[in-house]
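Enquirer:
Protein chains in written order, with this note's numbering: chain Z, 1 to 115; chain G, 1001 to 1115.
1. Going along chain G in order, which residues have a C-beta closer than 7 Å to the C-beta of residue 110(Z)?
2. If you follow the beta strand (DSSP E) that residue 1114(G) is in, where does it begin and where does it stop?
3. Hey, residue 19(Z) and residue 58(Z): beta-carbon distance below 8 Å or not?
4. Taking Cβ positions only, does residue 5(Z) come closer than 8 Å to chain G?
5. Which value, in whole angstroms, describes the spacing of the CA atoms of residue 1115(G) and residue 60(Z)?
6. Name the DSSP beta bridge partners of residue 68(Z), please?
7. Return the CA-CA distance between residue 50(Z) and residue 34(Z), expressed in angstroms with no decimal places.
8. Determine the extent of the beta strand (DSSP E) in which residue 52(Z) is found, giving its start and end residues.
9. Taking the Cβ atom as the reference point for each residue, do residue 1092(G) and residue 1033(G) lie within a distance shorter than 8 Å?
10. Where does residue 1069(G) fall in DSSP's three states?
11. Any Cβ of chain Z within less than 8 Å of the Cβ of residue 1021(G)?
12. Cβ of residue 1055(G) within 8 Å of Cβ of residue 1064(G)?
13. Does residue 85(Z) pass the burial test, meaning 16 or more other C-beta atoms within 10 Å, or should it be called exposed?
14. Is residue 39(Z) helix, strand or coil by DSSP?
15. Between residue 1020(G) and residue 1071(G), is the Cβ-Cβ spacing less than 8 Å?
16. Straight-line CA distance for residue 1103(G) to residue 47(Z)?
17. Rounding to the nearest angstrom, what Cα-Cα distance links residue 113(Z) and residue 87(Z) in this structure?
18. Grab me the residues of residue 1074(G)'s own chain with a C-beta within less than 6 Å of its C-beta, minus the 5 sequence neighbours each way, in chain order.
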């Protein structure tokens, strides 16, 4: 079965320190990869995507993500965390086959950035 | 932000009653989606639409029906609500189903409680 794993329910980091939110996937082929962020009482906001090309993808708000094909991972990173980055982060994967933009979501990781 | 409005934003109802949630978009996007969000599960697709009167099931469609009579509106109906359908429901839209460069955009959700 196709699945996306976010192994950490919560990540705690001090403001100014680098952060990593992990994502691995089990999807056949070479899927497209996405990160979304959700703030309280809001919908998901698109952060970045990997379609093809460079393994390091840059997105909104200073976030970037590193694609590793051999490890089937797509970890979200930021060099210096802000308190305002505290939110719920979702990794999502879209198989290349299928025409309706099917997204498979991970369970989410709550990021807490402490002053 | 993408022009997506979900209504109502909050609803409390009783088991066995019918419930309809509405998603309205002003982007003229072809694809619309209904998800439910539950702790530990991320987002799961209920139904989606690829055009007016064209809909299909997602992975958790049992107990739900949808209708799309106009491009801008996508309705989700719980014919006879059950407590297991207590959740946060999100609508999403995308311009195309097959082009991954066009990510899905989400509304702010409807929090539904079934007592």
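Beta carbons are placed, not taken as given, at the ideal position from N, Cα and C, and that holds for glycine.
Expert: So, from the data block:
1. By Cβ distance, chain G contributes nothing, its closest Cβ being about 11 Å from residue 110(Z), past 7 Å.
2. 1110-1114
3. no
4. no
5. 40 Å
6. 73(Z)
7. 6 Å
8. Here residue 52(Z) belongs to no beta strand (DSSP E), and DSSP marks it neither H nor E.
9. yes
10. strand
11. no
12. no
13. Buried is the call here.
14. coil
15. no
16. Looking at the two C-alpha atoms, the distance is approximately 10 Å.
17. 9 Å
18. For residue 1074(G), where only same-chain residues beyond five positions count, the Cβ hits under 6 Å are 1023, 1032, 1049, 1068.
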